[in-house]
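A.B. asks: Dropping a structure here in structure tokens format, bear with me for questions.
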Amino acid sequence: MNYKLGKNYKLCSKAIIKSLFETGITIKHYPFIATFKEINLTLPPPLKVTFSAPKRIFKKAHRRNKIKRKTKEAFRLNKNIIEHYLIEKNKQIALFLVYSTQEEFSHIVLEEKTKKLFDKIINKLEENHD
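The sequence shown begins at 42 in my numbering and counts up by one.
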């Protein structure tokens, strides 16, 4: 298992991000709001992701950065759950992950929440595929 979260996983394309919010699917699983969409890329990673902690919730930059660091770490450690599914089904998705509450959780809790969020995303992809 590769636990790296390299540059190739980063969602940078403004066009893809725009289409995510226009036609993507949104799932809420406290404390996350995930917006995702199936995409077709020629690059190998099956998912591209962006993390966000809103300025209106976290006024101080150091708190936003801390939340994003914790979220990235939880994502990095559990991305194999969704990655295996996407590789098996030969799909690629773009994912925009927003931390949506002022409450700060520990790494352990965030990992559990991330796993449950991935399960919800997989279920939604299964529903839309049928």
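Even for Gly, the Cβ is constructed at its ideal location relative to N, Cα and C.
Being a predicted model, the structure only gives us computed values, none of them experimental.
Starting from alanine 56, trace the alpha helix (DSSP H) both ways and give me its first and last residue.
C.D. replies: Here residue 56 corresponds to residue number 15 of the sequence shown, with the count starting at 1. That run of the alpha helix (DSSP H) goes 55 to 64.
A.B. asks: Once you ignore the five residues that flank asparagine 119 on each side, which residues in its own chain have a CB closer than 8 Å to its CB?
C.D. replies: Along the sequence shown, read from residue 1 onward, the residue named residue 119 stands at position 78. The residues are Glu152, Thr155, Lys156, Phe159.
A.B. asks: I need the straight-line Cα distance from arginine 104 to asparagine 131, nearest angstrom please.
C.D. replies: Residue mapping note: residue 104 aligns to position 63 of the sequence shown, counting from 1. Residue mapping note: residue 131 aligns to position 90 of the sequence shown, counting from 1. Rounded to the nearest angstrom, the two C-alpha atoms are 37 Å apart.
A.B. asks: Going by DSSP, what residues sit across from threonine 67 in a beta bridge?
C.D. replies: Position 26 of the sequence shown, counted from the start, is the residue given in the question as residue 67. Note: threonine 67 sits in a beta bridge opposite Thr76.
A.B. asks: Measuring only the C-alpha atoms, how far is threonine 67 from lysine 107?
C.D. replies: Your numbering for residue 67 matches position 26 in the sequence shown. Your numbering for residue 107 matches position 66 in the sequence shown. Answer to the nearest angstrom: the Cα atoms are 24 Å apart.
A.B. asks: Determine the burial state of glycine 47: buried for a count of at least 16 other Cβ atoms within 10 Å of its Cβ, exposed for fewer.
C.D. replies: The residue given as residue 47 occupies position 6 in the sequence shown. Looking at its Cβ environment, which holds fewer than 16 other Cβ atoms inside 10 Å, glycine 47 is exposed.
A.B. asks: As an exercise, report each continuous alpha helix (DSSP H) stretch of at least 4 residues that is fully enclosed by the stretch 69 to 134, in chain order.
C.D. replies: 102 to 130
A.B. asks: Measuring only the C-alpha atoms, how far is asparagine 49 from glutamate 129?
C.D. replies: For the purposes of this step, residue 49 is identified with residue 8 of the sequence shown, where counting begins at 1. For the purposes of this step, residue 129 is identified with residue 88 of the sequence shown, where counting begins at 1. So the alpha carbons of these two residues sit roughly 19 Å apart.
A.B. asks: Where does the unbroken alpha helix (DSSP H) through threonine 155 begin, and where does it stop?
C.D. replies: Walking along the sequence shown from the start, residue 155 turns up at place 114. Judged by DSSP secondary structure, threonine 155 falls within the alpha helix (DSSP H) whose first and last residues are 148 to 170.
A.B. asks: Starting from the Cα of lysine 96, find the closest Cα among Tyr140, His170, Tyr44 and give me that residue.
C.D. replies: Numbered from its first residue, the sequence shown carries residue 96 at position 55. Looking at the Cα atoms, Tyr140 is the closest of the given residues.
A.B. asks: Kindly examine the ligand GDP and report whether one of its heavy atoms sits closer than 7 Å to the Cβ of lysine 132.
C.D. replies: Within the structure as shown, the ligand GDP is missing, as the structure has no ligands at all.
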